[in-house]
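Presented below is the structure to which this report refers.
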Amino acid sequence: MESLLLRAALLAGAVVVCVLVAAVLRRRAGRVRAVTDGGVLSPADVDQPLGTAATLVQFSTRTCTPCRTVRRLLDEQAAASPGVAHVEIDAERRLDLARRFHVLRTPTVLVLDAGGRVTARFSGVPTPDQVRDAVLTGARGR
Amino acid sequence: MATTGSRVPGTTGATGTAPRGIDPRGPRFAAGITAVVLAVAVLTGSAWVLAFQVLVFAVAAALGPARSPYGWLYRTLVRPRLGPPAELEDPAPPRFAQAVGFVVAGAGLVAELAGVDGGVEVGGTLAFIAAFLNAAFGLCLGCELYLLLARLRGPRTAH
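Chains as they are written, first to last, in the numbering used here: chain A, 155 to 296; chain B, 9 to 167.
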C-alpha cells in the first residue's frame, strides 16, 4: 500500500467504525426486551432452585469485566426483592444453555417467571431502574 | 428467597472473585498507547513498528497486563500521579484481549513478511479498532467476541 492518503483514510474509517459500534452497544446496553415463546429453564438446568416470584439468570464469562458489575446489580436487586433469585452461569462451561437460549455475548440476562419461563432478556450493563423493570416483567409472568 | 452470590457447581466461580486484582485504569492507559503505536504502524506501513507492538502483545498475554511493558509505564509514570483506584479488576479479561491483539496484529505481520501487500495496514487497523474501542469507550471487543468463539469451537453436546 503506497499512498499515505489511503492509509490515513483506512485509519479514519476505523475510527468511524469504532464510534458506530460504541454508539450501538451503548444504546442497546441493558435495554429489556420482552420475550414470547422464549423457552423454559428448569431448576435441574441450573442445579439450584428458582425464585418463587422471578429468577434472573445471568450468563457470564471469565473474560468479561462488565459481568462483575451486572452481578453486583442483580445480587443487590435479588437481596432486596423477596422471591427473586439471581443465578449466574459460566456460559463457556454451559455452552448447551448458551446455544439453547441463543446467548451470543456476555453479560446476557434471562428473566424467568415463577414457572421458569423466559419472559424478558437483556445484554450489557443495565441501570438499576432497568433491573427493577426486568424483575417486574418476570414477576408478572407475561 | 434471595439466593445472592449463588455460585452453582458447573457455573461461575472463575469469573473474577479472585482476591488479586489490578487497577482497571492500567489496561485502559495501555490501550491508549497501543492505539497510538498501531496508528503509527498503519500510517507509515512500517513492519518494524507493528512488530514492536506484536512483541508487546505477546509479553502482556504471557505475563499478564500488570507486568506488560505499558503496564509498567502506567505504574511508574501515571499511577503515582493519580489516587488509588476505586475498585480492582480481574486481570483475566485484559489479558485475553492482549492475546487477541497478538493474533490479529501478528497475522498481519506474518502476511506482510510473506509478501502480502497491505498486511501491516490491515492487521494494524483491525487491532487498532480493538485498542481504540477500549481506550476511548471502555469497550473490550475481544471480550464481546469471546463467547461467540467458544460457541463455534466448543462441543455440540451438553457439558
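Think of the CB as a built atom: it goes at the ideal place given N, C-alpha and C, for glycine as much as any other residue.
{"query": "Residues near Gln-284 of chain A in its chain [Cβ-Cβ closer than 8 angstroms; skip 5 each side]", "result": "Gly-184, Arg-185, Val-186, Phe-276"}
{"query": "Which of helix, strand or coil DSSP assigns to Gln-202 of chain A", "result": "coil"}
{"query": "Interface flag, Arg-159 of chain B vs chain A, CB-CB below 8 angstroms", "result": "yes"}
{"query": "Ala-143 of chain B versus B:Val-50, B:Ala-38, B:Ala-49, B:Glu-120, residue with shortest Cα-Cα distance", "result": "B:Ala-38"}
{"query": "Of the residues B:Ser-54, B:Pro-88, B:Arg-87, B:Phe-65, the one placed nearest Pro-77 of chain B, counting alpha carbons only", "result": "B:Phe-65"}
{"query": "Alpha helix (DSSP H) segment containing Thr-42 of chain B, residue limits", "result": "33 to 52"}
{"query": "Residue nearest to Gly-91 of chain B in terms of C-alpha spacing, selected from B:Tyr-82, B:Asp-98, B:Leu-149", "result": "B:Tyr-82"}
{"query": "For Thr-209 of chain A: DSSP bridge partner residues", "result": "A:Ala-239, A:Leu-266"}
{"query": "Continuous alpha helix (DSSP H) assignments of at least 4 residues falling wholly in the region 113 to 156 of chain B", "result": "127 to 145"}
{"query": "Contiguous beta strand (DSSP E) assignments of at least 3 residues, all confined to the region 160 to 188 of chain A", "result": "none"}
{"query": "C-beta neighbour in chain B for Val-169 of chain A, strict 8 angstroms", "result": "yes"}
{"query": "C-alpha distance - Phe-110 of chain B paired with Gly-292 of chain A, whole-angstrom precision", "result": "42 angstroms"}
{"query": "Inter-stretch contact at 8 angstroms, needing at least 3 Cβ pairs: the region 201 to 209 of chain A / the region 169 to 183 of chain A", "result": "no"}
{"query": "Chain A contacts from the region 113 to 135 of chain B (Cβ-Cβ distance under 7 angstroms)", "result": "Asp-125, Gly-126, Glu-129, Thr-133"}
{"query": "Where the beta strand (DSSP E) through Val-272 of chain A begins and ends", "result": "272 to 277"}
{"query": "Per DSSP, cross-strand counterpart(s) of Ser-214 of chain A", "result": "A:Asp-244"}
{"query": "Proximity winner among A:Val-241, A:Arg-181, A:Val-171, relative to Ser-196 of chain A (alpha-carbon distances)", "result": "A:Val-241"}
{"query": "Per DSSP, cross-strand counterpart(s) of Glu-97 of chain B", "result": "B:Ile-30"}
{"query": "is_contact[Ala-293 of chain A, chain B] using C-beta, thresh 8 angstroms", "result": "no"}
{"query": "CA-to-CA distance, Cys-148 of chain B to Leu-158 of chain A, given in whole angstroms", "result": "29 angstroms"}
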